[in-house]
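One structure below.
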Amino acid sequence: EKLNNVFGAYVASLGLRQLRIAETEKYAHVTFFFNGGSEASLPGEEHTLIASPKVATYDLEPAMSADAITAKLVANIASNAFDVIICNYANADMLGHTGKLAAAVTAVECIDSCLTEIINITGKMHVDVLITADHGNVECMFNPHNNQAHTAHTTALVPLVYVGNKAHFLVKQGSLCDVAPTILRLLNLPIPSEMTGKNILQLQD
């Protein structure tokens with residue numbers, strides 16, 4: 140089924156510049172999957188691929204390539220060259236799959252440090268940030284029913300965190316389909332009819 144007016148194609152049609160950045164493990168998620176199953180780059184869309192570390196299992200290197208992603212991300216935010224940047228950090232998911240709690244904690248601490256760098260630069264640049272996930276994993280590392288490590292995705296609700304100074308949330312709970320309309324609202328763009336979700340942020344006057 141062909142998907143029309145997915146987020147990337149829609150903002151590209153309006154002439155906006157967008158960057159997609161991730162390491163190898165999640166590169167397809169910010170390109171092929173995010174574009175509704177299309178491999179072609181859209182007009183004004185750039186891709187940055189950071190190689191994932193070559194290790195047998197990621198508990199051996201829980202930081203993965205997060206620091207390299209962050210360095211590129213901070214530089215691109217500072218350049219003000221893009222209207223929208225979509226970034227994926229693989230750590231929480233990939234380390235959740237290992238079932239190794241100590242390594243998972245290290246991974247999440249790494250992401251916390253990376254997000255601190257990002258929020259520092261976006262605050263200086265007056266850039267809005269939304270942080271979310273599409274499923275749970277690392278928040279559940281142990282299955283008490285069989286006393287074994289839990290290594291699969293979960294159906295837990297995921298956070299949507301807004302960092303900026305021009306909006307506040309209208310609802311306490313939304314849906315993943317609300318993310319794209321909410322980004323469009325932050326960009327002061329109309330929401331296409333194909334998007335069935337809704338904006339969940341109220342902009343400040």
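Just so we're aligned: the sequence shown equals residues 140 to 344 in the numbering used here. In this text, a Cβ means the ideal position worked out from N, Cα and C, and glycines have one as well. Please read these numbers as outputs of a predicted model, since none were measured by experiment.
For residue j and residue i, the rounded distance between their alpha carbons
i, j, result
"Tyr301", "Ile339", "11 Å"
"Thr187", "Val318", "22 Å"
"Glu278", "Gly235", "8 Å"
"Ala195", "Pro331", "44 Å"
"Ala306", "Glu184", "27 Å"
For residue i, the three-state DSSP class (helix, strand or coil)
i, result
"Tyr228", "coil"
"Arg159", "strand"
"Thr335", "coil"
"Thr294", "coil"
"Ala319", "helix"
"Phe146", "helix"
"Ala272", "coil"
"Leu299", "strand"
"His284", "coil"
Exposure label - residue i; buried when at least 16 CB within 10 Å
i, result
"Asn280", "Checking the sequence, you will find Met at residue 280 rather than Asn. Burial call: buried."
"Lys193", "exposed"
"Ala205", "buried"
"Met264", "exposed"
"Cys249", "buried"
"Val223", "buried"
"Ile251", "Reading off the sequence, residue 251 comes out as Asp, not Ile. Exposed, by the Cβ-count rule."
"Thr335", "exposed"
"Ala242", "buried"
Best match in the options for proximity to residue i [C-alpha to C-alpha]
i, options, result
"Phe221", "Tyr228, Glu140, Gly154 and Val277", "Gly154"
"Ala190", "Thr163, Cys226 and Gly336", "Thr163"
"Met233", "His168, Leu212, Pro201 and Ile322", "Pro201"
"Lys211", "Pro182, Ala161, Leu315 and Ala231", "Ala161"
"Thr271", "Thr290, Leu315 and Ala241", "Leu315"
"Leu181", "Leu158, Ala217 and Thr245", "Leu158"
"Tyr197", "Gly175, Ile208, Thr245 and Ala295", "Thr245"
"Pro298", "Asn230, His274 and Lys141", "His274"
"Ile216", "Lys239, Asn259 and Leu199", "Asn259"
Runs of alpha helix (DSSP H) lying entirely within the region 178-266, each at least 4 residues, in chain order: 205-218, 230-237 and 240-264
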